[in-house]
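> Numbering (our numbering), first residue to last: 217 to 550. Input: one structure, supplied below.
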């Protein structure tokens with residue numbers, strides 16, 4: 217029997233939507249816990265005992281994954297195509313090539329960062345409450361001035377249009393999907409979630425113009441229709457549950473044996489850490505004021521794993537190595 221898969225997100229979360237699209241593509245039944253858009257989030261801090269503030273997080277059994285890159289890798293490994301699930305790495309047409317490394321790098325270092333910084337800059341900043349702006353200022357490690365953000369939007373719209381032009385060029389040969397795959401893959405979802413999130417924002421319609429970018433807009437409609445079709449066929453069904461029920465399911469589940477914890481002595485030596493060390497793991501960019509501390513139990517070139525204790529039990533918490541920093545917290549063991 218498969219372990220419970222639980223997604224923590226808020227409704228308007230762009231990265232939460234990205235993982236929801238992945239769960240649909242892979243046809244993974246899961247449960248969803250709705251959390252507030254801004255802190256505090258007692259569903260995570262109090263119930264799970266995690267200080268991590270970015271959304272989404274996802275659990276498989278008693279294991280927790282933070283950051284979409286780690287979440288997607290875990291889902292692809294635990295629910296592989298060989299077991300009848302869908303994939304985020306479909307082959308190219310007429311080939312067996314799936315380009316997982318290329319797609320991961322494209323998502324992490326292009327779509328999720330420079331592109332997302334532009335799409336997020338199209339938000340209606342004058343409509344946000346002072347409390348929300350204060351929360352997002354802390355999240356971004358810089359003050360957000362609504363007037364300055366709105367003043368800068370025409371320039372950012374121009375830059376965003378240049379990014380759409382790149383996508384138009386990529387699709388110019390008539391391919392259906394971004395890497396000429398047989399179905400949408402991670403590269404497609406990573407671009408799609410950015411633009412599906414901002415379609416209602418002021419000024420964006422002038423960018424998402426089928427006259428200027430016919431290939432891109434046809435691709436956008438194609439991915440949207442593909443996801444809608446899979447959803448209508450019952451792929452990736454979701455059930456909403458509350459945080460208390462989620463905690464019972466998570467802490468009552470075993471650790472996930474299909475996703476082994478690895479210890480790479482070479483990487484540990486480079487980072488000057490040992491098994492059992494007390495460490496903090498922190499994002500390199502946003503949300504860096506909320507480190508996650510715990511006992512270091514796993515480390516390799518792909519992920520770092522902490523054992524985190526809370527009032528109800530112990531969780532294994534996974535982070536990606538890329539775009540995260542590991543800091544020793546003490547010389548003694550936890």
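Even for Gly, the Cβ is constructed at its ideal location relative to N, Cα and C.
(1) Who are residue 249's beta bridge partners in DSSP?
(2) Determine the direct distance from the alpha carbon of residue 453 to that of residue 476, and round the result to whole angstroms.
(3) Going by DSSP in three states, residue 542 sits in which element: helix, strand or coil?
(4) Using beta-carbon positions only, say whether residue 330 and residue 417 come within less than 9 Å of one another.
(5) Can you look up residue 534 in the DSSP assignment and give me helix, strand or coil?
(6) Going by the DSSP bridge assignment, what does residue 413 pair with across the sheet?
(7) Can you check DSSP and say which residues form a bridge with residue 514?
(8) Indicate the three-state DSSP secondary structure (helix, strand or coil) for residue 486 in the structure shown.
(9) Starting from residue 385 and walking both ways along the alpha helix (DSSP H), at which residues does that stretch end?
(10) CB-CB under 6 Å to residue 337, same chain, minus the five flanking residues each way: which ones, in chain order?
(11) So the candidates are 315, 466, 344; which of them puts its Cα closest to the Cα of residue 398?
(12) Is residue 263 helix, strand or coil by DSSP?
(13) Rounding to the nearest angstrom, what Cα-Cα distance links residue 262 and residue 462 in this structure?
(14) For residue 222, tell me which candidate among 545, 260, 433, 343 has the shortest Cα-Cα distance.
(15) Would you please state the rounded distance, in angstroms, between the beta carbons of residue 267 and residue 504? I believe it to be under 8 Å.
(16) Determine the closest residue to residue 468 out of 242, 437, 236, 264, with distance taken between C-alpha atoms.
(17) So the beta strand (DSSP E) residue 455 belongs to, where does it begin and stop?
(18) For residue 270, which residues in the same chain have their Cβ closer than 6 Å to its Cβ, ignoring the five residues on either side in sequence?
(19) Alpha carbon to alpha carbon, how far is residue 459 from residue 512?
(20) Work out the CA separation of residue 422 and residue 283 for me, nearest whole Å.
(21) If you draw a straight line from the alpha carbon of residue 292 to that of residue 304, how long is it in whole angstroms?
(22) Would you mind working out which of 406, 232, 218, 433 sits nearest residue 325, comparing C-alpha positions?
(23) Just confirm the distance between the C-beta atoms of residue 518 and residue 532, as a whole number of angstroms; I'd bet it's less than 8 Å.
(24) Flag this pair as yes or no: are the beta carbons of residue 558 and residue 344 separated by less than 9 Å?
(25) So the beta strand (DSSP E) residue 493 belongs to, where does it begin and stop?
Put simply:
(1) What you label residue 249 is simply residue 33 of the chain shown in a count that begins at 1. According to DSSP, residue pairing for residue 249 in a beta bridge involves 224.
(2) For the purposes of this step, residue 476 is identified with residue 260 of the chain shown, where counting begins at 1. For the purposes of this step, residue 453 is identified with residue 237 of the chain shown, where counting begins at 1. In a straight line, the C-alpha of residue 476 is about 27 Å away from that of residue 453.
(3) As a first step, residue 542 is located in the chain shown; it is residue number 326 there, counting from the start. In the three-state scheme derived from DSSP, where H, G and I count as helix and E and B as strand, residue 542 is classed as strand.
(4) As a working note, residue 330 is residue 114 in the chain shown. As a working note, residue 417 is residue 201 in the chain shown. Pairing residue 330 with residue 417 gives a Cβ-Cβ distance that is not under 9 Å.
(5) The count along the chain shown starts at 1 and reaches residue 534 at position 318. Residue 534: strand per DSSP, three-state reduction.
(6) Counted from its first residue, the chain shown places residue 413 at position 197. Partner(s): none; residue 413 has no beta bridge.
(7) Looking up residue 514 in the chain shown gives position 298. Residue 514 is bridged by DSSP to 521.
(8) Residue 486 sits at position 270 when you count from the first residue of the chain shown. Note: residue 486 maps to helix in three-state DSSP.
(9) As a first step, residue 385 must be located in the chain shown, where it is residue number 169. In the DSSP assignment, residue 385 falls within the alpha helix (DSSP H) that extends over 362-386.
(10) By one-based count along the chain shown, residue 337 stands at place 121. 372.
(11) On the chain shown, residue 398 is found 182 positions in, with the first residue counted as 1. The residue with the shortest Cα to Cα distance from residue 398 is 315.
(12) Locating residue 263 in the chain shown gives position 47, where the first residue counts as 1. In the three-state reduction of the DSSP assignment, residue 263 falls in the coil class, being assigned neither a helical nor a strand state.
(13) In the chain shown, the residue the question calls residue 262 occupies position 46. In the chain shown, the residue the question calls residue 462 occupies position 246. Near 13 Å, if we compare the C-alpha coordinates of residue 462 and residue 262.
(14) As a position in the chain shown, residue 222 is number 6, starting the count at 1. The candidate whose alpha carbon is nearest that of residue 222 is 260.
(15) Counting from one through the chain shown, the residue named residue 267 turns up at place 51. Counting from one through the chain shown, the residue named residue 504 turns up at place 288. No, residue 267 and residue 504 are not in contact; Cβ-Cβ is about 12 Å, not under 8 Å.
(16) Start at 1 with the first residue of the chain shown, and residue 468 comes out as number 252. Considering only alpha carbons, the answer is 264.
(17) If you number the chain shown from 1, residue 455 lands on position 239. For residue 455, the uninterrupted beta strand (DSSP E) segment begins and ends at 454-456.
(18) Reading the chain shown from its first residue, position 54 is the one you call residue 270. Around residue 270: 503.
(19) Here residue 459 corresponds to residue number 243 of the chain shown, with the count starting at 1. Here residue 512 corresponds to residue number 296 of the chain shown, with the count starting at 1. Rounded to the nearest whole angstrom, the CA to CA distance from residue 459 to residue 512 is 26 Å.
(20) By one-based count along the chain shown, residue 283 stands at place 67. By one-based count along the chain shown, residue 422 stands at place 206. Straight-line spacing of the CA atoms in residue 283 and residue 422 works out to 32 Å.
(21) Numbered from 1 along the chain shown, position 76 holds the residue referred to as residue 292. Numbered from 1 along the chain shown, position 88 holds the residue referred to as residue 304. Rounded to the nearest whole angstrom, the C-alpha separation of residue 292 and residue 304 is 7 Å.
(22) Along the chain shown, read from residue 1 onward, the residue named residue 325 stands at position 109. Closest by C-alpha distance to residue 325, out of 406, 232, 218, 433, is 406.
(23) If you number the chain shown from 1, residue 518 lands on position 302. If you number the chain shown from 1, residue 532 lands on position 316. Contact between residue 518 and residue 532 does not hold, since the beta-carbon distance rounds to 15 Å and is not under 8 Å.
(24) This structure does not reach residue 558, given that the chain is present from 217 up to 550, and the question cannot be answered.
(25) As a position in the chain shown, residue 493 is number 277, starting the count at 1. Taken as a continuous stretch (DSSP letters only), the beta strand (DSSP E) holding residue 493 covers 493-499.
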